[in-house]
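In my numbering, the protein residues as written are 275 to 625.
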């Protein structure tokens with residue numbers, strides 16, 4: 275179940291070049307490259323003649339020459355030359371995808387091209403590019419469906435059990451005041467914890483000696499973006515709702531994820547974890563980046579193990595949640611899945 279009339283991240287900008295890049299996105303094969311003027315292009319990565327991926331061919335000027343029979347396709351996906359023929363066949367075309375570039379990411383639109391509106395692109399300049407932030411960034415190939423990744427990021431009670439050596443401790447799961455809000459198609463989950471022991475990372479970076487008040491705010495933005503704000507202050511200092519949504523208090527960090535389904539059971543996860551320079555001491559910045567990479571790897575192990583278990587149980591393939599029941603921490607992920615189902619249904623009605 276993939277939403278199509280949306281922008282998805284296709285690649286980090288640095289990975290799209292004059293070399294042909296083949297990638298599977300939403301069960302479709304896509305080829306990415308840059309024109310001579312630097313602008314990105316996304317085409318269907320399949321020659322209409324014999325199905326060889328165009329990424330196996332050659333980029334000549336701004337056109338792709340198929341590596342099998344030499345058909346040449348321009349940036350619009352139209353065949354402009356067939357060796358041995360005066361005119362290229364009119365049927366020889368491939369799909370061209372709307373494409374845009376912003377904040378270090380190349381986005382593509384897999385749905386109706388007439389609906390592709392760049393005003394709908396997310397804005398990640400502050401955390402992807404602003405020099406005032408220390409960041410760990412990456413792209414992870416996940417052997418699990420994208421909704422399992424979204425589930426994980428909307429339920430931060432798991433920090434206690436998955437990230438107990440860095441950002442989690444027992445209080446994160448036991449002490450949170452949990453609220454879930456629906457804002458249009460966006461889902462916001464807020465976890466507020468008062469007078470708790472600081473987790474190890476908070477103690478180290480925030481220099482806390484006593485208990486803290488801590489907050490976690492996770493926001494789902496369709497089709498598959500997650501923004502997380504983690505913050506903390508000394509107990510009793512207080513933090514209003516605006517601070518919890520947009521600031522990290524005395525110490526915290528932000529996490530931005532863009533999930534692009536590869537197939538039904540695999541995902542491209544593009545991510546940034548960032549801490550403000552004022553909150554990450556100079557001598558700890560290298561450690562911060564290293565630890566954040568470690569946290570992402572711990573999550574990866576979880577949802578890949580989930581997917582393996584699901585694959586062994588055919589009845590579970592279409593489950594949106596455990597049919598036996600749910601727990602309070604499931605509020606956000608259940609809301610997210612309802613939003614996706616509703617938007618998907620609306621897309622299907624419009625076809």
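We put the CB at the ideal spot given by N, CA and C, even for glycine.
Predicted, not measured: the structure shown is a model, and the values here were computed from it.
- By the Cβ neighbour-count rule, residue 601 is exposed, with fewer than 16 other Cβ atoms within 10 Å of its own.
- In this structure, residue 344 keeps its C-beta atom at 7 Å or more from the C-beta atom of residue 367.
- Contact between residue 380 and residue 284 holds: their C-beta atoms lie close to 5 Å from each other, under 8 Å.
- Distance from the CA atom of residue 301 to the CA atom of residue 317, rounded to whole angstroms, is 14 Å.
- The alpha-carbon separation between residue 385 and residue 496 amounts to approximately 14 Å.
- Per DSSP, residue 376 is one residue of the beta strand (DSSP E) stretching across 373 to 376.
- When DSSP states are grouped into helix, strand and coil, residue 451 belongs to the strand group.
- Per the C-alpha coordinates, the member of 566, 320, 426 positioned closest to residue 606 is 426.
- Judged by DSSP in its simplified three-state form, residue 487 adopts strand.
- Bridge pairing for residue 411: 546 [DSSP].
- Taken through DSSP and simplified to helix, strand or coil, residue 387 comes out as helix.
- Using a C-beta cut-off of 8 Å, the segment 433 to 440 makes no contact with the segment 449 to 466, since fewer than three inter-stretch Cβ pairs fall below that distance.
- With 16 or more other Cβ atoms inside 10 Å of its own Cβ, residue 279 counts as buried.
- Assigned with DSSP and collapsed to three states, residue 467 falls in strand.
- Contact between the segment 318 to 330 and the segment 302 to 310 is present: three or more C-beta pairs spanning the two stretches fall below 8 Å.
- Going by C-alpha positions, residue 315 is about 8 Å away from residue 371.
- Our two residues, residue 564 and residue 446, have alpha carbons roughly 22 Å apart in a direct line.
- In terms of Cβ geometry, residue 539 and residue 419 form a close pair [threshold 7 Å].
- Between the beta-carbon of residue 401 and that of residue 554 there is about 13 Å, and that puts the pair past the 8 Å contact cut.
- Around the C-beta of residue 360, fewer than 16 other C-beta atoms lie within 10 Å, and the residue is accordingly described as exposed.
- A direct Cα-to-Cα measurement between residue 609 and residue 534 gives close to 19 Å.
- In the structure shown, the three-state DSSP call for residue 586 is coil.
- With respect to residue 443, residue 403 sits apart: the two C-beta atoms are not nearer than 7 Å.
- The closest CA to that of residue 469, considering only 483, 478, 457, is found on 483.
- Counting along the chain, no beta strand (DSSP E) covers residue 433; the unbroken alpha helix (DSSP H) around it starts and ends at 433 to 436.
- Taking each of 375, 309, 338 in turn and checking the Cα distance to residue 393, the smallest one comes out for 375.
- When beta bridges are read from the DSSP output, residue 534 appears opposite 542.
- Taking 3 residues as the minimum length, the beta strand (DSSP E) runs contained wholly in the segment 320 to 365 are 332 to 334, 337 to 339, 353 to 355, in order along the chain.
- Minimum Cα-Cα distance from residue 309 among the listed residues 355, 373, 321 corresponds to 373.
- The closest CA to that of residue 319, considering only 336, 334, 294, is found on 294.
- Assignment of residue 314 by DSSP, reduced to helix, strand and coil, places it in the strand class.
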